[in-house]
Amino acid sequence: MFVLQPCPVPTTTSPSVDKVDGFSRKSVRKAKQKRSQSSSQFRSQGKPIELTPLPLLTDVPAPEQPELFLKKLQQCCTVFDFMDTLSDLKMKEYKRSTLNELVDYVTVSRGYLTEQAYPDVVKMVSYNIFRTLPPSDSNEFDPEEDEPTLEASWPHLQLVYEFFIRFLESQEFQPSIAKKYIDQKFVLQLLELFDSEDPRERDYLKTVLHRIYGKFLVLRSKVSCLSLILCILSVSSFVYETEHFNGVAELLEILGSIINGFALPLKAEHKQFLVKVLIPLHTVRSLSLFHAQLAYCIVQFLEKDPALTEPVIRGLLKFWPKTCSQKEVMFLGELEEILDVIEPTQFVKIQEPLFKQISRCVSSPHFQVAERALYYWNNEYIMSLIEENSSVILPIMFASLYRISKEHWNPAIVALVYNVLKAFMEMNSTLFDELTATYKSDRQREKKKEKEREDLWKKLEDLELKRGLRNDGIIPT
Numbered sequence: 114m115f116v117l118q119p120c121p122v123p124t125t126t127s128p129s130v131d132k133v134d135g136f137s138r139k140s141v142r143k144a145k146q147k148r149s150q151s152s153s154q155f156r157s158q159g160k161p162i163e164l165t166p167l168p169l170l171t172d173v174p175a176p177e178q179p180e181l182f183l184k185k186l187q188q189c190c191t192v193f194d195f196m197d198t199l200s201d202l203k204m205k206e207y208k209r210s211t212l213n214e215l216v217d218y219v220t221v222s223r224g225y226l227t228e229q230a231y232p233d234v235v236k237m238v239s240y241n242i243f244r245t246l247p248p249s250d251s252n253e254f255d256p257e258e259d260e261p262t263l264e265a266s267w268p269h270l271q272l273v274y275e276f277f278i279r280f281l282e283s284q285e286f287q288p289s290i291a292k293k294y295i296d297q298k299f300v301l302q303l304l305e306l307f308d309s310e311d312p313r314e315r316d317y318l319k320t321v322l323h324r325i326y327g328k329f330l331v332l333r334s335k336v337s338c339l340s341l342i343l344c345i346l347s348v349s350s351f352v353y354e355t356e357h358f359n360g361v362a363e364l365l366e367i368l369g370s371i372i373n374g375f376a377l378p379l380k381a382e383h384k385q386f387l388v389k390v391l392i393p394l395h396t397v398r399s400l401s402l403f404h405a406q407l408a409y410c411i412v413q414f415l416e417k418d419p420a421l422t423e424p425v426i427r428g429l430l431k432f433w434p435k436t437c438s439q440k441e442v443m444f445l446g447e448l449e450e451i452l453d454v455i456e457p458t459q460f461v462k463i464q465e466p467l468f469k470q471i472s473r474c475v476s477s478p479h480f481q482v483a484e485r486a487l488y489y490w491n492n493e494y495i496m497s498l499i500e501e502n503s504s505v506i507l508p509i510m511f512a513s514l515y516r517i518s519k520e521h522w523n524p525a526i527v528a529l530v531y532n533v534l535k536a537f538m539e540m541n542s543t544l545f546d547e548l549t550a551t552y553k554s555d556r557q558r559e560k561k562k563e564k565e566r567e568d569l570w571k572k573l574e575d576l577e578l579k580r581g582l583r584n585d586g587i588i589p590t
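As structure tokens, then:
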């Protein structure tokens, strides 16, 4: 049985003034200002739009309110051009006030939601939100540093989303009627909107999809499957082609709630989704934009089925970043989250490859990577696992730790390494002494071999020098 975690209704407010970044970015271009852009949803033919003013719903007798409600829904199907800031100002304001009125009405009124209202509500919502999303203004757009494109029609669009959420939350809402109109096609169109650059819209979409998932038992499997399908499709292009899909973080957040409600035992397709889709997402350059949500999904899977720990950790080790220190720090953080929930029996299966990687991280010349790896020894649960398996882990880690304690350039790292060595010595002093003696003996042998190599090269250089001098006649043969 699926159990959905509650998702709060967004409280986003539209910005009043565009932000300007006066500092140059890198050496070439400046960070973009917030931009407003209209989607291709405007259906006007260039003529002024006239809407006939209707009375307020509260000003007419209760029996007439349902019919007036439908008329107002019909009026709100009209979509305005917000890129033209001077056109249809009165009508834009009229629609905005009407939408506000509809939001209040569905929140407090009773008896308005007749069967005839369902198709009109879905039609009005569809006319306003479903549209072709505009392409990004620039291929150089950096979501980590640049401001996103904001939807120009947000003054209306936000109220439409607010209305739809209140409609879905209404006590009079009947899923058995609504399912004729809020169907699989409708949900798929909602999912496509997650590629909107406007984070406010993605936040509302997340809430809408949560409400649909919670209300429609018949659509739950479809919402879940469609989310997974869209995520797979987006990942295909996201990872291997354009690396551009704006709503990955929000989709993963929804998936996290769905995964949390998975029944046990997990289905084979759910496990395959973890291994084939979620783990490869770690290879994306812009991982930082959705890493928190991705890590949450991974941990949810492991809490459901601890047996998945080994393939997950081996997958992370397979995709471990080789040239990006920032991603290494993120991987180390995610690994610690996994180790926080790992069972001792699963830890034994992966401890050797895991700590070989941790040893490499500790040896990293980038101090943040080394520091993040050494912080594992501040985690009590991880320390207990290390102590139980010190006979395996200490030999893997010792050489790196001992060398760093003598050679690392950063004194803070050296101090952390001393603490780790002290902890290991207290865990297993006998093995620690053996490894110390072995390490020193190995170092002596290495130094001896190095000295022998240097002496050999010196002899060869002397012989070559003498040969050259003889050939030049400086030294008699």
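Numbers 114 to 590, taken from my numbering, label the letters of the sequence shown in order.
For every residue, glycine included, the Cβ atom is placed at its ideal position computed from N, Cα and C.
Taking a 10 Å sphere around the C-beta of N359, we find 16 or more other C-beta atoms and assign the residue as buried.
For E382, the number of other beta carbons within 10 angstroms of its own is below 16, and it is reported as exposed.
Taking P166 as the centre and dropping the five residues before and after it, the same chain places the C-beta of Y207 closer than 8 Å to its C-beta, in chain order. Counting other Cβ atoms within 10 Å of its Cβ, L377 stays below 16 and is therefore classed as exposed. Taking 9 Å as the cut-off, the beta carbon of D316 is found closer than this to the beta carbon of E363. Proximity of the region 173-184 to the region 235-248 falls short of the contact definition, fewer than three beta-carbon pairs being nearer than 8 Å. Of the candidates P268, G446 and V173, the residue whose Cα lies closest to the Cα of A405 is G446.
Annotated three-state conformation of E314 is helix, per DSSP. A Cβ-Cβ contact shorter than 9 Å links M204 with I162. For E449, the three-state secondary structure derived from DSSP is helix.
When DSSP states are grouped into helix, strand and coil, T262 belongs to the strand group. Distance from the CA of D418 to the CA of I372, rounded to the nearest whole angstrom, comes to 11 Å.
The C-beta distance from S542 to V530 rounds to 18 Å, too long to fall under 8 Å, and the pair is not in contact. Counting C-beta pairs closer than 8 Å gives three or more between the region 437-446 and the region 395-413, which meets the contact rule. Counted as a single uninterrupted DSSP element, the stretch harbouring S283 is not any alpha helix (DSSP H), since DSSP gives it neither H nor E. In the assembly as shown, Q464 is a buried residue. Its beta-carbon has 16 or more other beta-carbons within 10 Å. Sequence-distant Cβ neighbours of S472 in its own chain, meaning closer than 7 Å and more than five residues away, are I509, M510 and S513. For a cut-off of 8 Å, the C-beta gap from V321 to L301 is around 13 Å, too long to register as a contact. For L421 against L415, the beta-carbon gap comes to about 6 Å, under 8 Å, which counts as contact. It is roughly 19 Å from the alpha-carbon of P524 to the alpha-carbon of V442. Inside the region 176-200, DSSP marks whole alpha helix (DSSP H) runs of 4 or more residues at positions 178-188, from first to last along the chain. Beyond the five residues adjoining it in sequence on each side, Y240 comes within less than 7 Å, by CB distance, of C190 and V192 in the same chain, given in chain order.
Note that the C-beta distance between R313 and E260 is not below 9 Å. For E366, the uninterrupted alpha helix (DSSP H) run begins and ends at V361 to N373, by DSSP. Counting C-beta pairs with one atom in each stretch, the region 271-283 and the region 214-222 have three or more that are closer than 8 Å, which means they touch.
Relative to L548, the option among I295, L576 and L507 whose CA is nearest is L507. Membership of P524 in the alpha helix (DSSP H) is indicated by the continuous run P524 to M540. Within the same chain, Cβ atoms closer than 6 Å to the Cβ of E456 are found at P419, the five residues on either side in sequence being excluded.
Residue burial is scored here from C-beta neighbours: Q287 has fewer than 16 other C-beta atoms within 10 angstroms and is therefore classed as exposed. According to the DSSP assignment, A420 belongs to no alpha helix (DSSP H), since it is labelled neither H nor E. The beta-carbon separation of L467 and I426, rounded to 6 Å, stays under the 8 Å limit for a contact. One Cα belongs to L573, the other to K553, and the distance between them is close to 30 Å.
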